[in-house]
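Residue numbers (my numbering), protein chains in the order written: chain A, 71 to 358; chain B, 1183 to 1595.
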């Protein structure tokens, strides 16, 4: 087989894997701290992509420049979700919060469908669109390269923030034992709210990048949500580093496995990998 | 006593007449389309075109070559109006089946038209067949749908067979002109639609007795998050021609990934699917310049058939887009239904089905003579043409008697 094709497979796997990682980091953060699986995570991604598209189509703001606004907007959406949907059901059975996010997911999708319609939209005139770097027969799409670098940087910043900052320590303490954290004077409700906001901001950044090379429509989040659940479980629930590495692994398996075994089986391979890992390590590759 | 019997008989007669009149006032047609879920956009476009078709049928429009446009309602049923009622399949075979059962239980519809995907048309038409109820298929293209021996199923659109035959006639023509087209890659979603399209391509390749070779057979999962592996498989095979059986969402991904990964081919041909959606050309612009596909209608057709401008303008006013082949097939299908009602002079399932079997509707909306069904219910008067995206517009480029514009070859010079 042509070596350049294999190298291209690895590069393509890594580029999409980094985006998967950032989507999953947002999800794992919320799960790790609050034990809530956010079913509306894919819809947050869709909201971010639509926001970027609308800013581009109506205001002419390129997705690269609208990214900070999208991240801020999604942070606010996360806070609002916590305040209106999650907080009222905290303290009840975990299933209630899960069902609440499920309901929120249907609500968001249908509101977008009602106001923006079912059409597929594509940004094809941005500063990055259609550009690529080519060398030695390999091609790196600029929108995907910028997205991948951006996703790695943001994941690293989130990791540093959680592991080094004062808020990060409060967050980790709350994740370990909410009641003890409360006794130590940590405002756990505030930690929860900011965690939800941070998780939504991560997926917002991923959506802001993704819109550069992926189509937008009201159900686009579903395509990524299922994969991100697998990545979170594969990496270990609540583990940011785990989600990052598992995202890359999924990207590589999807691309390399899809090429050699058959593209129609690429998701089957991802799920086989998932089943093998959870049967050997039920808490995921990096779970504890 | 005698008087009261006469009065009762008179009232029964009156009741009978009044119900016959009310039956003649409106004839309901049930339409099964995906109005929510991943194919909502396609379903909404179909909804708009049926509303336009009903408006034309119920009103009086002077459109040459389109029977029932001028006559205000259904002539054979004393000018009864056609009403369209939509049912949402959500793009799911299971939901489609349940909705078909609902239509039949409600009992108000006189005929069913549906569904968008072949995978949904297949089970829903089985349900109608079990109830001996007429089912008209407008756009699903899997050839297998009309190879099941159903008696109540009829399809207006060309099938994968027609499209694949047209593709290879086109490639034969290109080969005669000395163009390189022998190595073919087939890319298809792993659904009823895609798999049957692939089988038809392989049949045509086998029939060519070694002239053509399938150098890449690339199935993929519907709703893929990326198509890098698929495109690299195609790139490694170095095909002259890529043939797609792909819906809109993945078609955009493929087009962008071909561009990103530097894939070049002489031609990229598409079965009925994402290519025909006018947004494919208008949104992706240069990325899809030169792409080609089967085409039963494009705005370009108006240059050959000026009378179709009225229909296109009515549709454009509703959707903001030009009619495409799929929408025009839907438009024509409602006229086939009206033709059957009119000739049957009745709306019961058996009479309507019998009328459909003997349909010989000459209509100028699609390439070909019009609509006539064979014993399997497939329209044998339909034809197809090849269009190409040039500067964001669909231009008919082949065959020569339909072509309005010169073809760009190879697609990426």
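Every residue gets a Cβ at the ideal spot worked out from N, C-alpha and C, and that includes glycine.
Rounding to the nearest angstrom, what Cα-Cα distance links residue 290 of chain A and residue 183 of chain A in this structure?
Their Cα atoms are separated by approximately 12 Å.
Please check the pair residue 1343 of chain B and residue 1382 of chain B, which I expect to be a contact at CB under 8 Å, by giving their CB distance rounded to whole angstroms.
The pair is a contact, with the Cβ atoms about 5 Å apart (cut-off 8 Å).
Strictly below 9 Å CB to CB, what residues from chain A border residue 1402 of chain B?
Simply 328, 333, 334, 336.
Could you have a look at residue 1449 of chain B and say whether DSSP puts it in helix, strand or coil?
Strand, per DSSP.
Could you tell me which uninterrupted alpha helix (DSSP H) segments, each at least 4 residues in length, are contained entirely in the stretch 1356 to 1400 of chain B, listed from first to last along the chain?
Note on the stretch 1356 to 1400 of chain B: whole alpha helix (DSSP H) runs with a minimum of 4 residues are 1374 to 1389, in chain order.
Taking its Cβ as the centre, do 16 or more other Cβ atoms sit within 10 Å of residue 1170 of chain B, making it buried, or is it exposed?
Residue 1170 of chain B is absent from the structure shown; chain B starts at 1183 and stops at 1595.
Compare the C-beta of residue 1286 of chain B against all C-beta atoms of chain A and say whether one is closer than 9 Å.
The beta carbon of residue 1286 of chain B does not come within 9 Å of any beta carbon belonging to chain A, so the residue lies off that interface.
Verify whether the separation of the beta carbon atoms of residue 1455 of chain B and residue 1480 of chain B is less than 9 Å.
The Cβ atoms of residue 1455 of chain B and residue 1480 of chain B lie no closer than 9 Å to each other.
C-beta atoms of residue 1545 of chain B and residue 1555 of chain B nearer than 9 Å:
Between residue 1545 of chain B and residue 1555 of chain B, the CB-CB gap reaches or exceeds 9 Å.
Exposed unless 16 or more other CB atoms sit within 10 angstroms - verdict on residue 90 of chain A
Buried, by the Cβ-count rule.
Beta-carbon neighbours of residue 1438 of chain B, restricted to chain A and to distances below 7 Å
Per Cβ cutoff of 7 Å: 283.
Which stretch, first to last residue, makes up the beta strand (DSSP E) that contains residue 1270 of chain B?
Where residue 1270 of chain B is concerned, the enclosing beta strand (DSSP E) stretches over 1263 to 1270.
Going by beta-carbon coordinates alone, are residue 1662 of chain B and residue 1334 of chain B separated by less than 9 Å?
The structure shown does not extend to residue 1662 of chain B, since chain B is modelled only from 1183 to 1595, so the question has no answer here.
Note down, in chain order, all residues in the stretch 188 to 201 of chain A with a beta-carbon under 9 Å from any beta-carbon belonging to chain B.
Hits within the stretch, in order: 188, 189, 190, 191, 192, 193, 194, 195, 199, 200.
For residue 1341 of chain B, I'd like the list of residues in its chain whose CB is within less than 6 Å of its CB, leaving aside the five on either flank, ordered along the chain.
These residues qualify, in order along the chain: 1323, 1325.
Assuming residue 280 of chain A contacts residue 119 of chain A under a Cβ cut-off of 8 Å, what Cβ separation, rounded to an integer in Å, is found between them?
Distance from residue 280 of chain A to residue 119 of chain A at the Cβ level is roughly 6 Å; contact confirmed, criterion being Cβ atoms closer than 8 Å.
7 Å CB neighbourhood of residue 172 of chain A in its chain, flanking five on each side removed:
Answer for residue 172 of chain A: 109, listed in chain order.
Contact set for residue 243 of chain A: own chain, Cβ-Cβ below 8 Å, skip 5 residues either direction:
Once the five neighbours on either side are set aside, the close Cβ partners of residue 243 of chain A are 250, 251, 254, 256.
With 9 Å as the threshold, decide whether the Cβ of residue 72 of chain A is near any Cβ in chain B.
Interface residue (Cβ-Cβ distance to chain B less than 9 Å): residue 72 of chain A is classified as such.
Mind listing the chain B neighbours of residue 75 of chain A? Cutoff is C-beta to C-beta under 8 Å, in chain order.
Near residue 75 of chain A (Cβ distances below 8 Å), the residues of chain B are 1414, 1417, 1418.
From the DSSP output, in three-state form, read off residue 349 of chain A for me.
Residue state, collapsed to three classes: helix.
Does the distance between the C-beta of residue 333 of chain A and the nearest non-hydrogen atom of the ligand MG fall short of 8 Å?
The model on display carries no ligand, and the ligand MG is accordingly not part of it.
Measuring alpha carbon to alpha carbon, tell me which of A/198, A/206, A/152 ends up nearest residue 284 of chain A.
The residue with the shortest Cα to Cα distance from residue 284 of chain A is A/198.
Within 9 Å (strictly less), CB to CB, does residue 1324 of chain B reach chain A?
Output row for residue 1324 of chain B: interface = no.
Is there at least one Cβ from chain B nearer than 9 Å to residue 183 of chain A's Cβ?
So, interface residue.
Express the C-alpha separation of residue 333 of chain A and residue 354 of chain A in angstroms, rounding to a whole number.
Taking the CA atoms as reference points, residue 354 of chain A sits about 26 Å from residue 333 of chain A.
Chain-order list of residues whose beta-carbon lies under 6 Å from that of residue 1203 of chain B (same chain, five-residue window excluded):
Any reading at residue 1203 of chain B needs caution, since the residue's pLDDT is 39, under 50, leaving its predicted position unreliable; the model's value is listed next. If the five residues before and after residue 1203 of chain B are omitted, its C-beta is found closer than 6 Å to no C-beta atom of its own chain.
Excluding five sequence neighbours on each side, which residues of the same chain lie with their C-beta closer than 6 Å to the C-beta of residue 1205 of chain B?
Any reading at residue 1205 of chain B must be qualified, since the residue scores a pLDDT of 45, below 50, and its modelled position is unreliable; no value is offered.
CA-CA distance, residue 315 of chain A and residue 305 of chain A?
If you take the alpha carbons of residue 315 of chain A and residue 305 of chain A, they lie about 7 Å apart.
Minimum Cβ-Cβ distance from residue 1595 of chain B to chain A less than 9 Å:
Since pLDDT at residue 1595 of chain B reaches only 47, below the 50 mark, its modelled position is unreliable, and no value is offered.
Are any of the Cβ atoms in chain A nearer than 9 Å to that of residue 1203 of chain B?
Confidence is the limiting factor: at residue 1203 of chain B the pLDDT is only 39, short of 50, which leaves the residue's position unreliable and the question unanswerable from this model.
Comparing the C-beta of residue 1408 of chain B with each C-beta of chain A, is any distance below 9 Å?
Answer yes: the Cβ-Cβ gap between residue 1408 of chain B and chain A drops below 9 Å somewhere.
Determine the closest residue to residue 1295 of chain B out of B/1465, B/1362, B/1526, B/1514, with distance taken between C-alpha atoms.
Nearest neighbour of residue 1295 of chain B by Cα position, chosen from B/1465, B/1362, B/1526, B/1514, turns out to be B/1514.
Identify the contact partners of residue 114 of chain A in chain B, using a Cβ-Cβ distance below 8 Å as the criterion.
Below the 8 Å Cβ cutoff, chain B contributes no neighbours of residue 114 of chain A, its closest Cβ being approximately 16 Å away.
Closest by CA to residue 1572 of chain B, which one among B/1566, B/1592, B/1553?
Comparing Cα positions, the closest option is B/1592.
Between the C-alpha atoms of residue 148 of chain A and residue 157 of chain A, what's the straight-line distance to the nearest angstrom?
C-alpha separation (whole angstroms): 12 Å.
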